[in-house]
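Heads up: the sequence lines are chains A and B, in that order.
17 is the number that the UniProt record's numbering gives to position 17 of the first sequence; each next residue is one higher, with no gaps.
101 is the number that the UniProt record's numbering gives to position 101 of the second sequence; each next residue is one higher, with no gaps.
Yeah, the Cβ is synthetic: ideal placement off N, Cα and C, and Gly gets one too.
This structure is a prediction, so every number in the text was calculated from the model and none was measured.
The structure under discussion appears below in the form of structure tokens.
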Amino acid sequence: MKTSPLTAEAIESAMTAYLTERTKTEVKPDDDIFASGLVSSMFAMELVVHLESTYDIAIIGPELKIDNFRTAKVMAALVLRLSEDGVASDA
Amino acid sequence: MSEKPPLVKCLVWDLDNTLWQGTLLEDSEVRLSEEVRAVIVELDSRGILQSVASKNDHDLAWKRLEELGVAEYFLVPQIGWGRKSDSVIAIAKELQFALSTIAFVDDTPAERAEVTYHAPEVRCYTHEDVLSLVDRPEFSPAVVTADARRRREMYQANALRTVAKDSFNGPDEEFLRSLDLVMAIKRADEDDLSRVEELTLRTSQMNATGVHYPDQVLRGLLADPGHEVLTVTLTDKFGPHGAVGVLLLERHPDVWHLKLLATSCRVVTYGAGTVLLNWLVDQAAQAGVHLAADFRPTDRNRMMEIAYRFAGFTQDPCDCLSGIKSFIDGGDIQCLHLVTARREGPATMRLVSPDLTVAASI
């Protein structure tokens, strides 16, 4: 077990920082990165791999839908749902 | 029976007393024989790339290659005073080739031995072998496609693209727009299929089904009204990328069945797979049909799975799927399905495409 459990807040802020750096554009937790045309389909792959390696999760099958990756906020929810160490807000 | 040796993708030349006769820094003149020039031109026309690893003064040697009219044939030349093995390894790295696909020709036994010691996979040849290289099987591809003949130009254009990308600061999509990309989708004929042979020959990471469709099978379906065989080419302001994709589609009354979708890994960064999928979804929506796609996960085609899933494909059941008999036997094929709706065209490139809602006239 990790000493500090993952929280939605921590993941959200890590992901907004990552997206901001990667897209060279200020990204807020609720910004839809696919609707705004900020990211290419190439980046979608990077994003999936980044989430998997950073949070030690496997995102497979139905979980790969685009709606799980639109904003930093929904990505945080996805990570919590798939991560054993996560403390889901509705737990 | 011995197996055919793997093809050489790049031949690395020594200069002094190998490519040309004489030693540049000692002799008053070095000469390039017409026979050697013919070898260079012939290998180039077969799509085999060539480079240089020479211990020489860089500026002098390159100037001489230009005077001899052959400089343009050599990509990422390594001319300096370092070890030849380092030069050969650097060339392989720049071109993203495995060392086992690199050949090295040098008249000095010690240089060949040094390369063999540090890079044993590299095949070495002597100056005496030069004129017979074109007769060897490892320098004789079975098929020379139109794209293979232009391979050197495409690599040179690629180098310009890399420089442009490295110096660009901004969102990826803006960079892509700055390239003036044009994707042309075309109902294939025999010639078009030859151009995508390299894609259909290998099961590349961008082959979404993970299943190989032999060339004859695709050719046999060209005139079949129930099937569409489509090829894809991509061009940008730096030049052609060549043929970069192939699709095989079977028409059913309620659903189009995508049996093969392979795109070259060279164009992954341009989102070619997603642009194609979106176009197909839009065409199917206009025809009032659903889309189904064969997908077999392999350790190399995850990118394609993500492209499918992000385009909205799921494994949910649908009545339209009952009429589909998959070409492929075996239980590891997923049938991905999508209820189609109109999609906007790509923001990053111009699309030239046929109207699939109207069957091709034969």
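- With respect to chain A, the C-beta atom of I333/B has no partner C-beta closer than 9 Å.
- No Cβ-Cβ contact shorter than 9 Å links V144/B with S51/B.
- Contact between T263/B and G273/B holds, since their C-beta atoms are separated by about 5 Å, short of 8 Å.
- Here Y213/B carries a coil assignment [DSSP, helix/strand/coil].
- Neighbourhood of R309/B in chain A, by CB distance below 7 Å: L64, K65, in chain order.
- With its beta carbon at least 9 Å from every one in chain A, I40/B lies outside the interface.
- Taking CB atoms only, V74/A has no neighbour in chain B less than 9 Å away.
- Taking a Cβ-Cβ threshold of 7 Å, the residues of chain B close to V48/A are I306, in chain order.
- Closest in C-alpha terms to W256/B, from the list F175/B, R31/B, A148/B, I324/B, comes I324/B.
- For M45/A, the chain B residues whose Cβ falls inside 9 Å of its Cβ are V268, R302, M303, I306, A307, in order along the chain.
- Here E114/B has R83, K84, S85 as same chain residues with Cβ atoms under 7 Å from its own Cβ, once five neighbours each way along the sequence are excluded.
- Interface criterion not met: the Cβ of T298/B is under 9 Å from no Cβ in chain A.
- Neighbourhood of T314/B in chain A, by CB distance below 8 Å: P62, K65, in chain order.
- Between T231/B and V246/B a beta carbon distance of about 5 Å is seen, short of the 8 Å cut, so the two are scored as contacting.
- I185/B carries a strand assignment under DSSP once its states are collapsed to helix, strand and coil.
- Look at R31/B here: in three-state DSSP terms it is strand.
- Our two residues, A307/B and T314/B, have alpha carbons roughly 12 Å apart in a direct line.
- Just so you know, the alpha carbons of E12/A and L6/A end up roughly 10 Å apart.
- T263/B has a beta carbon lying at 9 Å or more from every beta carbon in chain A.
- Not a single CB atom of chain A sits nearer than 9 Å to the CB of T233/B.
- The C-beta distance from D254/B to V289/B rounds to 6 Å, short enough to meet the 8 Å contact threshold.
- Residue environment for Q78/B: buried (at least 16 other C-beta atoms within 10 angstroms of its C-beta).
- Spatial neighbours of E94/B in its own chain (CB-CB distance under 6 Å, excluding positions within 5 residues in sequence) are listed in chain order as V76.
- Taking R187/B as the centre and dropping the five residues before and after it, the same chain places the C-beta of E228, V229, L230, P354, A360 closer than 8 Å to its C-beta, in chain order.
- Residue state for K63/B is assigned as helix, using DSSP reduced to three classes.
- When DSSP reads this structure, S54/B sits in a beta bridge with I79/B.
- When DSSP reads this structure, I102/B sits in a beta bridge with C10/B.
- Closest option to E26/A, judged by alpha-carbon separation, among A76/A, L80/A, T71/A, L51/A: T71/A.
- C-alpha of S53/A to C-alpha of E63/A: approximately 16 Å in a straight line.
- Taking T235/B as the centre and dropping the five residues before and after it, the same chain places the C-beta of V182, H241 closer than 7 Å to its C-beta, in chain order.
- Distance between R219/B and L160/B, taken at the CA atoms: about 36 Å.
- At a cut-off of 9 Å between beta carbons, T340/B makes no contact with chain A.
- In this model, I102/B and D16/B are separated by some 20 Å (Cα to Cα).
- Here A119/B is buried. Its C-beta has 16 or more other C-beta atoms within 10 Å.
- Pairing L276/B with T340/B gives a Cβ-Cβ distance that is not under 9 Å.
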